[in-house]
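Protein sequences, first through last, are from chains A and B. Note that the first sequence covers residues 0 to 195 in numbering that gives the first Met the number 0. Note that the second sequence covers residues 0 to 195 in numbering that gives the first Met the number 0.
2 protein chains.
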Amino acid sequence: MAFEPAPFDVVEASRRVWLQHWAPEAASGMAVYTAILRSYQLLNDQVQQVMARHDLTFARYEVLAWLATDPESALTLSWISKTLRIPPATVTNIIDRLEDDKLVRRVPHPSDARTTLAEITARGRKVATDATEDLNSTVYEGIGLSEAERNKLIDLLAQLRTSGNEFDVERSEEVLEDVTSRGASKPRRKGRSEVA
Amino acid sequence: MAFEPAPFDVVEASRRVWLQHWAPEAASGMAVYTAILRSYQLLNDQVQQVMARHDLTFARYEVLAWLATDPESALTLSWISKTLRIPPATVTNIIDRLEDDKLVRRVPHPSDARTTLAEITARGRKVATDATEDLNSTVYEGIGLSEAERNKLIDLLAQLRTSGNEFDVERSEEVLEDVTSRGASKPRRKGRSEVA
DNA sequence: GACGATTGCTACGAGACCGAAGTAATCTTG
DNA sequence: CAAGATTACTTCGGTCTCGTAGCAATCGTC
């Protein structure tokens, strides 16, 4: 289960191969994708080790963490599917597992009989908190860049995501205000659970 | 199969949640991971669509592409496993599938009876070339950043990977020279297939 | 207010992925 | 040169994932 370093920098190797063997004009794009892929593998491996300690997968944790910080402690399955970009069938499976472990409960939606709410249990909240603290100290705080470099990286990736339409650029700001105001005393215009 | 944008920027939303609800000191690290994850999802989706057109998965393509540019047209399974960081059992499975499709052939190693070489076939080379051209034009050339920004991004991710020991930093340079000289007339000190 | 379109979720099945254990060949060390 | 350790690969079994199809509720439109 230990993470073994590759014998050399595969991103740089690929870049050189692309420059001399394939298409030079695609080399930087290829290197971006490969660098993102391998950075993802690196971090994902660490994340998974943390998740294993809490009997979770990252997908299950993600759902749990969003539920834990939701003011209603409940979200619709379709909201989860769209926001975390998890196919509906996979959401069903994830909620099934979380329910098996008593971390979440299915609740019918009060006004729309088609939709189901996932509601976090006290036990689920505890697991979410524990796993988050573990993640924070084990992985997130140890990512090896300065604060300025991290912000630059986050910014460049935001540009990449924006240009690739990874999220609804038009409406994002508006929804973000709503998310940010959670827990504050002022009433929110529209419940998060209703966004879907 | 169409890629649906998330309703808002989940990276930025998570960052705000971390700042106000969890641990502020872990917020930038969390945002880095989430940004990498979602950038990966964005690009991976595009890559997979290309792969599907060529009856490949990305893992199978990656193996094929390395074989296609190897001077011997052959690599040991263990080299593939270590370099592309694919577990041995998965390499076996990948080579099985590639062999089913006649894109690759298993060949015994000339001097070590334990090791097996995967050798690319003419058909495999054609598929690798077609898929690469498709990938280049469909995904890699269309990544939305300037050349300077791409290089900055590649550089930051290289720092991240270096600090996380994603590859053997000590020996990487030496091996890279070897990789780069492939196809050149001068004899290489040591065959790539022998690196393992 | 009825009917077609849409939305929300689930059941099913196939495939990718990979940990662990097993087999076989090679290396190491005395 | 004979164990014992190591290396290379495969087999097996389990989990996660997700495309497709189906069902049920709701919405939109005339």
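Think of the CB as a built atom: it goes at the ideal place given N, C-alpha and C, for glycine as much as any other residue. Here the structure is a predicted model, which is why all the values come from computation and not from measurement.
- When C-alpha distances from B/Ala-58 are compared across B/Gln-40, B/Asp-177, B/Ser-38, B/Ile-79, the shortest belongs to B/Ile-79.
- By the C-beta criterion, the stretch 40-60 of chain B is judged to be in contact with the stretch 123-134 of chain B, since at least 3 inter-stretch pairs fall below 8 Å.
- Contact annotation: the stretch 98-116 of chain B does not touch the stretch 141-157 of chain B, with fewer than three C-beta pairs closer than 8 Å.
- The alpha carbon of A/Ala-12 has as its nearest neighbour, out of B/Leu-36, B/Thr-82, B/Ser-72, the alpha carbon of B/Thr-82.
- For A/Pro-23, same chain residues with a beta-carbon under 8 Å away, outside a window of 5 residues either side, are Trp-17 in chain order.
- In the three-state DSSP reduction, B/Thr-75 falls in the strand class (E or B).
- Contact with chain B is found for A/Asp-167, since one of that chain's Cβ atoms lies less than 8 Å from the residue's Cβ.
- Residues of the stretch 142-155 of chain A that bring their beta carbon within less than 8 Å of a beta carbon in chain B comprise Ile-142, Gly-143, Leu-144, Glu-146, Glu-148, Arg-149, Asn-150, Lys-151, Leu-152, Ile-153, Leu-155, in sequence order.
- Fewer than three pairs of CB atoms, one per stretch, sit closer than 8 Å, so the stretch 87-96 of chain B makes no contact with the stretch 26-43 of chain B.
- A/Ser-145 sits exposed, since fewer than 16 C-beta atoms from the chains shown fall within 10 Å of its C-beta.
- Assignment of B/Arg-37 by DSSP, reduced to helix, strand and coil, places it in the helix class.
- In the structure shown, B/Arg-149 adopts helical secondary structure according to DSSP, grouped into three states.
- Residues of chain A with a Cβ closer than 9 Å to the Cβ of B/Arg-59 do not exist, since the nearest Cβ in that chain sits about 15 Å away.
- The count of Cβ pairs closer than 8 Å, one atom from the stretch 67-77 of chain B and one from the stretch 62-73 of chain A, stays below three, leaving the stretches out of contact.
- DSSP lists B/Thr-75, B/Val-106 as the beta-bridge partner residues of B/Leu-116.
- Separation of A/Trp-21 and A/Ala-34 (C-alpha to C-alpha, rounded to the nearest whole angstrom) is 18 Å.
- Across the structure, B/Pro-87 and B/Ser-77 are spaced so that their CA atoms are roughly 7 Å apart.
- A/Glu-140 and B/Tyr-139 have their C-alpha atoms some 31 Å from each other.
- With a beta-carbon spacing of about 5 Å, A/Pro-4 and B/Asn-164 fall inside the 8 Å limit used to define contacts.
- Counting only the Cα atoms, B/His-108 lies some 44 Å from B/Phe-2.
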